[in-house]
Structure formats: C-alpha cells, structure tokens
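Peer 1: I'd like to ask you about the structure that follows.
There are 2 protein chains.
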Amino acid sequence: MISQTGEYALRAVLYLAQHQEGDPVSVETIAEELSMPRNYLSKTLHLLAKRGILASARGPRGGFELAIPSNRLSLFEIVEPFDDLEGRGQCLLGRPECSDQTPCAAHHRWKDLARRVSTFFRETTVDDLITELNEATGAVAGNGRGAG
Amino acid sequence: MISQTGEYALRAVLYLAQHQEGDPVSVETIAEELSMPRNYLSKTLHLLAKRGILASARGPRGGFELAIPSNRLSLFEIVEPFDDLEGRGQCLLGRPECSDQTPCAAHHRWKDLARRVSTFFRETTVDDLITELNEATGAVAGNGRGAG
DNA sequence: CGTATTTATCATATTGTCATGAGAAACACA
DNA sequence: TGTGTTTCTCATGACAATATGATAAATACG
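One line per chain: the protein sequences are W and E, in this order.
Numbered per the numbering used here, the first sequence finishes at 155, counting up by one with no gaps.
Numbered per the numbering used here, the second sequence finishes at 155, counting up by one with no gaps.
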C-alpha cells in the first residue's frame, strides 16, 4: 500500500510524536529504536523537514521534532512526499483520465474504495494513532483494575 | 495499489474476455491494442497460463484465451501472481505480526479498509467489470432511444 | 517436408527503490 | 577559538521491477 520509505516516515513521525517533550530526537536514536537504516532515515526525515512537517536542528542537542501539532498532522502529509496516494491507484486500470464521464471497466466498483483509502490518510491524524495505541496497550497492561 | 505488471495482466485478461469468440488472440494484437510492451506482456501472460488462468497455443492461429469462465474468474486470481495483495499492506506500519491481540498503532482503523480491498479483489469477477463497462458505454452510445 | 506464425525463453539494458559510507556544514559548549 | 556532535549532501552500490531484442521450440498449412 505504501512504500518502505513512506513506512519509515510514518513510524519515525509516530515515534517523534511520542517523545515530544524535551530535546529534539537524533536520527541515531530513532534509527536504533525502530531498527531503520540510519543515513537513509536521515534523508527521509530531511525531506519531511523541508516540507515543514518536522523541524530539524544541527549540532549538539540537535535532532528532529514535530513542527505541526500531532492532532493536526494527517498521515497523508507524512506519506505523500514518498508515495503518490491519489494520482496512482485512483484508476485501477491505470488510465490517465478515469471519471464518471469516462469510466474504465472498474471505475464504479473501485472509486468508492479508492475514496475511502484517500479519506483514511487525509483524516486520520498522528494523534488518533497514538490515542488508539495508548488505549490498546492500556487495556492489556491495565490488569482489569480499571474495570472493577 | 497494484504494480504495472499486475495492471497489464488485468487489462489483458479483460481484453481476452471481450474477445472470447473465435480464435485465440495473439500477444501481438493485445500489445498493439492496449499499448503494452510486447515481449514483457508475453512473459506476463505466460505466467497466467502456467497458473491455469489462461490457455496458450503456439504456431499459426495460436495465442491466448481464457481457461476459466469470466464469471468465475476473480481479479484476485489475475493480480495475485504479480502483487502480494494480502501479505503486504495488511499492517500499515509493516509489522510482521499485527493482529487484534498485538495491534500496531494503526491496526483498528486500518484493518476494516484492508479487508474491504481484499474483498474487492476476491469477489469481483472479470464478468462483473465487462457488464459494467457495457452498461456504461451502452448508456452513452444509446443516444436516448431506449429511454423513450 | 518446408515455411511462416506464434509462444517460450534467454540475455541484457534501463529505471527506480532501498541502502551504505564519507565528508561538508552548522551548531553547542567549554 | 577549538572540539565534538549532529544534520545535510553527495557518491556509490545492491537489488527488484520494467522493458527490449534475439533466438529456440512448437504448430498450422501448403
């Protein structure tokens, strides 16, 4: 669905959102924690910084941090620099023009699904994912205490 | 969503389904009609033949034709040899294990969508697409006569 | 049998993605 | 000012996907 690079971006940004307090986080740390190739991740995050999604600082105590509040940062913004989520995949048969007026054979059955995918990336925020993760791990680690 | 090769396969099979009557269709013809690289398409269709989806015949009056009735041939069967539709993309964050028990941050929001995509490919048949195409072009070419 | 036609197959080129390594540039801090 | 840390950037390589061209193998038909 998304490329390896896009996946790295997503996971790294998620990590940054979970470590927002304090100093920016170095590529070294992220790469180690998430088992990603260091220099490749560096390039990837640099592009996100150029897009204004991350802020970067060089030198000691430097690193990356979110430049946009996690509750206003959509998955689309993170993945889009690396994967063409809307151009490609809109028409399943790869036609340059495919609309209700000039439909391909799959158009009517496919477009609803394509829109759902598009909507997922555009409307899901980083914060949504973190909240969901906290709920999930909380439920497991909660040991039933809260339900009593 | 699917690779270039998978798209070629889908379009070529669709073409074959629309030209089922008479002799098998040569790679030459398909490649020309659909603007695809000839030898690459040959290899692609050969693999579908090995999978039992197409039947191939060499020599004069040879070519490819469907080996499975179009109303029992799913898009999944056509694309699956070229694209791993279910393994990859199941977990948005690329985790090897991602289930309700061990969910990633995106699991709950993503799994429904992933299942819909999977279902689309598994349950949509070649015949479904052709029917829809006929209805669409029929409506345009029909010139309003039938609606009177 | 001989020939033209068509798929099957091999070798190779091209392109894009993923990845590594080295060094330049910027910065904090003593 | 000097030194170490970290991002930034370039050069390069590995690998898979895509594509081209040549040739072998099979087949219909005269």
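The beta-carbon is built from N, C-alpha and C at its ideal position, and this holds for glycine as well.
Is the Cβ-Cβ distance between E:S77 and E:D134 less than 7 Å?
Peer 2: By one-based count along the second sequence, residue 77 of chain E stands at place 70. By one-based count along the second sequence, residue 134 of chain E stands at place 127. The answer is yes: Cβ separation under 7 Å.
Peer 1: Identify whether E:G70 lies in helix, strand or coil by the three-state DSSP scheme.
Peer 2: In the second sequence, residue 70 of chain E corresponds to position 63, counting from 1. DSSP places E:G70 in strand when its eight states are reduced to three.
Peer 1: Go ahead and label W:T51 buried or exposed: buried means 16 or more other beta carbons lie within 10 angstroms of its beta carbon, across all protein chains shown.
Peer 2: Position 44 of the first sequence, counted from the first residue, corresponds to residue 51 of chain W. Classification for W:T51: buried.
Peer 1: So what's W:D135 in DSSP terms, helix, strand or just coil?
Peer 2: For the purposes of this step, residue 135 of chain W is taken as the residue at position 128 of the first sequence. W:D135: helix per DSSP, three-state reduction.
Peer 1: As a quick exercise: from W:E87, W:W117 and W:P88, pick the residue whose alpha carbon is nearest that of W:L100.
Peer 2: For the purposes of this step, residue 100 of chain W is taken as the residue at position 93 of the first sequence. The shortest C-alpha separation from W:L100 is found at W:W117.
Peer 1: Taking the alpha-carbon of E:E139 as reference, which of W:I137, W:T132, W:G145 and W:C111 has the nearest alpha-carbon?
Peer 2: Within the second sequence, numbered from 1, the residue matching residue 139 of chain E stands at position 132. E:E139 has its Cα closest to that of W:C111, out of W:I137, W:T132, W:G145 and W:C111.
Peer 1: Leaving aside the five residues before and after W:L92 along the sequence, list all residues of the same chain whose C-beta is less than 7 Å from its C-beta, in chain order.
Peer 2: Sequence index remark: in the first sequence, residue 92 of chain W carries index 85 (1-based). For W:L92, where only same-chain residues beyond five positions count, the Cβ hits under 7 Å are F83, V86, S125 and F128.
Peer 1: Under the assumption that E:H70 contacts E:V20 (Cβ atoms under 8 Å), give the Cβ distance between them as a whole number of angstroms.
Peer 2: For the purposes of this step, residue 70 of chain E is taken as residue 63 along the second sequence, with counting starting at 1. For the purposes of this step, residue 20 of chain E is taken as residue 13 along the second sequence, with counting starting at 1. Looking at the sequence provided, one finds Gly at residue 70 of chain E rather than His. At roughly 13 Å, the Cβ-Cβ gap does not stay under 8 Å, so E:G70 and E:V20 are not in contact.
Peer 1: Report the partner residues of W:A38 according to the DSSP bridge assignment.
Peer 2: The residue given as residue 38 of chain W occupies position 31 in the first sequence. For W:A38, which the question treats as bridged, DSSP gives no partner whatsoever.
Peer 1: For my contact list, E:P88 and E:R58 are in at a C-beta cut-off of 8 Å; report their separation, rounded to the angstrom.
Peer 2: Numbered from its first residue, the second sequence carries residue 88 of chain E at position 81. Numbered from its first residue, the second sequence carries residue 58 of chain E at position 51. That pair is a contact at about 6 Å.
Peer 1: 7 Å is my cut-off, CB to CB: does W:P103 come that close to chain E?
Peer 2: Within the first sequence, the letter at position 96 stands for residue 103 of chain W. Cβ-Cβ to chain E under 7 Å: no for W:P103.
Peer 1: In angstroms with no decimal places, state the Cα-to-Cα distance between W:M8 and W:A16.
Peer 2: By 1-based counting over the first sequence, the position of residue 8 of chain W is 1. By 1-based counting over the first sequence, the position of residue 16 of chain W is 9. Going from the Cα of W:M8 to the Cα of W:A16 covers about 14 Å.
Peer 1: What is the DSSP secondary structure of W:A143, reduced to helix, strand or coil?
Peer 2: For the purposes of this step, residue 143 of chain W is taken as the residue at position 136 of the first sequence. Correct three-state label for W:A143: helix.
Peer 1: Taking 6 Å as the cut-off, does the CB of E:I85 come closer than this to any heavy atom belonging to the ligand SAM?
Peer 2: With respect to small molecules bound, the structure shown includes none, and the ligand SAM cannot be examined in it.
Peer 1: What separation, rounded to the nearest whole angstrom, lies between the Cα atoms of E:L136 and E:G145?
Peer 2: For the purposes of this step, residue 136 of chain E is taken as the residue at position 129 of the second sequence. For the purposes of this step, residue 145 of chain E is taken as the residue at position 138 of the second sequence. Using only the alpha carbons, I get a separation of about 14 Å.
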